[in-house]
Structure formats: C-alpha cells, structure tokens
Ligand code: NAP
C-alpha cells in the first residue's frame with residue numbers, strides 16, 4: 023500500500039491536526055478544502071515536502087470526481103482517506119431553513135459518500151486501504167437544536183457499517199470516529215465552562231487528541247465497521 027492519505031477538511035481544526043500527525047509519521051498528505059489558500063497554508067506547515075493542497079467542495083459530485091482523478095494522476099494510488107470536511111448550521115427544527123438542511127446533509131453525509139466512492143477505486147485495485155469518517159457523539163445520542171447535523175452524522179454511522187461490509191473482502195477497512203466537543207472554529211461559539219461541565223473528563227478535547235485516534239483507526243489492520251467515540255466520556259453523560 024502507498025502512504026498517500028487524502029484528508030478532506032484538512033485545512034483547519036481536526037483535519038489539520040490529522041494532516042500534521044500523518045506527515046510526522048511519514049505519510050504523504052493531500053489536503054482538500056474549498057479555500058485553496060487555507061489548504062496551502064496547512065500544507066506549508068507540514069513536516070516533509072511532498073504534500074499537496076487541492077481546492078474541492080466535497081458536496082459537488084463532478085468536482086470530487088475530477089479532483090480525485092487529478093490526485094491519482096499526480097500522486098498515484100490513494101491508500102487512506104479521512105473524511106473530516108463538515109459544517110454545522112444549528113437551529114431548532116422549526117426554525118431551520120431548508121437550504122441550510124440541504125447544505126449540511128450534502129457536505130457532511132453526501133460529501134463523505136462521494137469522496138469515499140472516488141477514493142475506493144484506487145483502494146480496491148490495490149486490494150488495501152482504510153477510510154475514517156468523522157461523525158459526532160451527537161449523531162449517536164441526538165441533541166436538541168442539532169436535528170439536521172445529528173442526522174447527517176447518524177447517517178455516517180450506517181454508511182460506515184454498510185461500506186465496511188461491502189469492501190472488507192478486498193482488504194479495505196472503514197471506521198467512524200465520533201468526537202465530542204473539540205476546540206476548533208466549529209465550537210468557537212460554545213461557552214467553554216458550561217460545555218466542560220457536561221464532560222466527565224471536565225474539559226474540551228484538542229484536535230491533536232482526535233488525530234491520535236484517527237491514526238489508530240487508519241493503521242489497525244483488524245478493525246473495521248467500528249464507531250470510536252473520542253469525547254472525554256461525554257457520551258456516558260448524554
Ligand atoms: P472546522 O475547524 O470548521 O474545519 C472544517 C473543515 O472542513 C475545513 O477545512 C473546511 O475548509 C472544510 N470544509 C467544510 N465544508 C467543506 C466542503 N463543502 N468541501 C470541502 N471542505 C469543506 O471544523 P472541525 O471542528 O475541525 O470539524 C471537522 C469534522 O469534525 C466535521 O465533520 C465536524 O462535523 C466534526 N466534528 C467536530 C466536532 C467539534 O467539536 N469541533 C465535534 C464532533 C464532530 P473550507 O471551509 O475551506 O472548505
């Protein structure tokens with residue numbers, strides 16, 4: 023297997039921490055995000071010189087198809103994929119705008135399906151690969167004010183388990199990592215003290231702590247179809 027990993031949403035937050043850890047461990051990293059400059063800035067900060075940034079909106083089928091073709095032409099076989107691109111537009115369901123529902127579902131759920139499909143061809147040909155989807159504990163437990171977001175993440179659980187069954191015979195593994203509250207731009211609006219009170223470990227998580235668990239799932243040859251919560255015990259309290 024090659025050491026090439028595509029990190030969708032690799033320009034910021036959890037995806038950036040994953041990109042950094044993978045680069046430190048000798049992977050070649052391709053960062054995808056809509057904002058090319060932010061992706062490039064992350065790539066410049068990575069250890070090693072071979073990493074690349076591509077601009078790609080994961081919710082757009084043709085864009086995803088073209089970008090993955092480009093990556094394979096430029097870098098060769100993709101062995102690893104991390105689906106960390108995600109957005110939230112939280113509101114009570116009665117106040118949610120249909121266009122926001124569509125963009126959350128298309129980015130978080132459809133996006134991971136499109137990128138997985140595009141990367142899989144390469145993995146199946148090579149008879150080896152691993153995909154880590156980033157869900158959320160909210161997708162496992164539900165949360166008031168996050169109906170659409172949690173549905174997108176719960177959808178990823180079914181997607182992960184089903185795809186794991188589809189591709190296991192070809193030595194491709196698919197797992198879901200479910201973070202709790204992690205300190206990134208996505209949680210910048212959160213009252214940290216209040217949030218921390220609901221977490222058994224008593225604090226928010228750091229993106230680097232999620233990255234360690236992503237690496238574990240990418241490299242564990244006998245783990246597939248699993249959901250791993252990285253949440254300071256939040257799930258126990260929900
Ligand atoms: P973040 O800091 O806001 O980063 C999100 C990343 O996704 C950015 O690189 C962003 O780049 C990219 N992105 C967003 N929409 C995209 C699209 N349509 N196409 C391609 N890239 C896109 O968020 P984060 O906190 O690191 O979250 C990463 C993942 O973890 C998300 O799936 C999120 O739902 C999940 N998660 C986060 C937490 C948390 O507490 N932070 C908890 C549970 C789950 P561009 O904007 O340039 O596209």
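Numbering (my numbering), first residue to last: 23 to 260. For glycine and all other residues, C-beta sits at the position ideal for the given N, C-alpha and C.
- Item | Burial state of residue 75, where buried means 16 or more other Cβ atoms lie within 10 Å | Result: buried.
- What is the DSSP secondary structure of residue 152, counted as helix, strand or coil? Three-state result, residue 152: strand.
- Query: Going by alpha carbons, who is nearest to residue 252 out of 216, 198, 212?
  - Reply: The candidate whose alpha carbon is nearest that of residue 252 is 198.
- Do you know whose CA, among 200, 235, 233, 246, lies nearest residue 257's CA? Checked all of 200, 235, 233, 246; the closest Cα to residue 257 is 200.
- Item | Beta-carbon contacts of residue 135 that lie in its chain and below 7 Å, excluding the five residues immediately before and after | Only residues of its own chain outside the window of five on either side were considered, and among them 181 have a CB closer than 7 Å to the CB of residue 135, listed in chain order.
- Item | residue 244, DSSP secondary structure in three states | Note: residue 244 maps to coil in three-state DSSP.
- Quick one: Cα of residue 66 to Cα of residue 213, how far? Approximately 32 Å, taken between the alpha carbons.
- Message: Assuming residue 24 and residue 133 are in contact, meaning their beta carbons sit under 8 Å apart, how far apart are those beta carbons, in whole angstroms?
- Response: That belief does not hold up - the Cβ atoms of residue 24 and residue 133 are roughly 23 Å apart, past 8 Å.
- Item | C-alpha gap between residue 126 and residue 170, whole angstroms | Straight across, the Cα-Cα distance linking residue 126 with residue 170 is about 7 Å.
- Out of 226, 157, 54, 188, point me to the one whose CA is closest to residue 145's CA. Closest by alpha carbon: 188.
- Below 6 Å CB to CB, which residues in the same chain sit around residue 150 once its five sequence neighbours on both sides are set aside? The residues are 23, 193.
- Which of the three DSSP states, helix, strand or coil, is assigned to residue 229? Here residue 229 sits in helix by DSSP.
- Specify, as a first and last residue, the run of the alpha helix (DSSP H) that residue 222 falls within. First-last for residue 222: undefined, no H or E at that position.
- Within 10 angstroms of its Cβ, does residue 34 collect 16 or more other Cβ (buried), or is it exposed? So residue 34 counts as buried.
- Taking the C-alpha atoms as reference points, what is the distance between residue 40 and residue 116? Using only the alpha carbons, I get a separation of about 36 Å.
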